[in-house]
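Below is one structure; the comments refer to it alone.
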Ligand SMILES: [Zn+2]
Ligand SMILES: [Zn+2]
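In the numbering used here, the protein residues as written are 220 to 634.
Quick look at the structure:
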């Protein structure tokens, strides 16, 4: 169980001093994703930073300006990410104060996303000063803020550490009242979990999320947050394992997303891809990878099944593949065709070796893989074995052994 914190005392539009250096004004935009509304933080005295100005509401802009003491100025406008409950008021606030906007620009995935998550994407968000990747330190009189890249909720999410109070403005990365939406493609669960570890390792005394009250039991809270995700992952895996028809497995759904298991044996006998129906996308695991070919190593790997699985995926006409390793594949059909052609070319080379009288895999490897680092030759031999078993199954090659192996004798079956 996550030890949620939901108790918060405030009045919309009224500024509260919540720590020696931090003031907060809550915008009147409650909702299922914003809890009671967007908490805008004002950091420092005299020259202040404003974190996440919030939604484009005139009343909230006036409330932020009214929160300033006479003579006080805004020197920095900081934005954690581009969602509509965080960034749209940055430009109007800049127009009124002259302060530049700091943040990380909207990622390509977000711009391309057709699925509206939370209050929506503020695709017009354009920071004056780029914080992508984190690391930049910003300061004013008596306050120091460090930008920390925390991708996951969105690819451009930035948290801000307040050095003087060992505090973190955690945006939507970690929220006390709820878990966070991680919706692909702009959301990324792998990055999200890494960002949780990163924040945990820093040992902050307090987290100030955009929505809801501060989190003061930081380490146990983050650990429960991580445990919650791992438990959810285990549930998803259990659902898949229980799937009665893995080829078109049970639908797994959440708010706005539908995943369907897609059996793709070959790399391993149990390999599953997952179809994200809303985006005609496939999470292709290790079945198809943009950066490399896949290892198909018998007995768990099966070249016959692998090539069939490639055909199956190709036939579905996905718009994009998201492999486990490396960037997405967007030219899906040509890519899969080249992948298949590569395997067929390798098969033809194996057949040519047999035709030339080489009957053992170990005699073929130095020739077939002469341009490949010899440390990879054992893996290559397993890949050739994969082809050999496939050729035996198809009746093109024979072997005296009941179970053809690395040391078996092979010969071409004359047509
Ligand atoms: Zn958000
Ligand atoms: Zn939010």
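Don't be surprised by glycine CBs; every beta carbon is placed ideally from N, CA and C.
May I have the straight-line CA-CA distance separating residue 289 from residue 242, to the nearest angstrom? Pairing residue 289 with residue 242, the inter-Cα distance amounts to about 15 Å.
Is there at least one non-hydrogen atom of ligand 1 closer than 7 Å to the beta-carbon of residue 391? Checking every heavy atom of ligand 1 against the Cβ of residue 391, one is found closer than 7 Å.
Looking at the structure shown, is residue 540 part of a helix, part of a strand, or coil, going by DSSP? Three-state DSSP puts residue 540 in a strand.
Would you check if the distance between the CB atom of residue 491 and the CB atom of residue 500 is smaller than 8 Å? At the C-beta level, residue 491 and residue 500 stay beyond 8 Å of one another.
Nearest-angstrom beta carbon gap, residue 284 and residue 315 [assumed within contact, 8 Å]: Confirmed, Cβ separation roughly 6 Å.
Under 8 Å between C-beta atoms of residue 515 and residue 602: Cβ atoms of residue 515 and residue 602: closer than 8 Å.
Count the other CB atoms, across all protein chains shown, that sit within 10 Å of the CB of residue 228; report buried if there are 16 or more and exposed otherwise. Exposed, by the Cβ-count rule.
For a quick check, are the C-beta atoms of residue 270 and residue 297 less than 8 Å apart? In this structure, the beta-carbon distance from residue 270 to residue 297 falls below 8 Å.
Chain-order list of residues whose beta-carbon lies under 7 Å from that of residue 510 (same chain, five-residue window excluded): Hits under 7 Å: 544 and 545.
Beta-carbon proximity list for residue 620, same chain, < 8 Å, skipping 5 on both sides: Closer than 8 Å at the Cβ level, and outside the excluded window around residue 620, lie 627 and 628.
What's the call for residue 630, buried or exposed, on a 16-neighbour Cβ count within 10 Å? Classification for residue 630: exposed.
Endpoints, the alpha helix (DSSP H) within which residue 569 is located: Where residue 569 is concerned, the enclosing alpha helix (DSSP H) stretches over 551 to 574.
Measuring only from the beta carbon, is residue 252 closer than 7 Å to any heavy atom that is part of ligand 2? Set against 7 Å, the gap from the CB of residue 252 to the closest heavy atom of ligand 2 is smaller.
Can you give, in chain order, each stretch of the beta strand (DSSP E) that sits fully within the stretch 401 to 489 and has at least 3 residues? Within the stretch 401 to 489, the beta strand (DSSP E) runs of at least 3 residues that lie entirely inside it are, in chain order, 425 to 428, 470 to 473 and 476 to 482.
The beta strand (DSSP E) that contains residue 363, what's its start and end? 362 to 368 is the span of the beta strand (DSSP E), which, as asked, contains residue 363.
Is the beta carbon of residue 641 within less than 7 Å of some heavy atom of ligand 2? The displayed coordinates of the chain run from 220 to 634. Any statement about residue 641 would go beyond what the structure contains.
How many Å lie between residue 374 and residue 252 at the Cα? Residue 374 and residue 252: Cα-Cα distance of roughly 18 Å.
List the DSSP bridge partners of residue 381. DSSP lists 364 and 386 as partners of residue 381.
If residue 259 sits next to residue 430, beta carbons under 8 Å apart, how far is it from one beta carbon to the other, in whole angstroms? 11 Å between Cβ atoms; not a contact.
Verify the CB distance criterion: does residue 422 have a CB-CB separation below 8 Å to chain D? This model lacks chain D altogether, as it is built from one protein chain only.
Reducing DSSP to helix, strand and coil, say where residue 281 ends up. In this structure, residue 281 counts as helix in the three-state DSSP scheme.
May I ask you to list the residues that DSSP assigns as paired with residue 295? Answer is 268.
Using a 10 Å radius around the Cβ and a threshold of 16 neighbouring Cβ atoms, would you call residue 220 buried or exposed? Residue 220 comes out exposed.
Smallest Cα separation from residue 330: which of 406, 584, 447 and 386? For the residues 406, 584, 447 and 386, the minimum Cα distance to residue 330 belongs to 406.
DSSP beta-bridge partners of residue 236: For residue 236, which the question treats as bridged, DSSP gives the partners 242.
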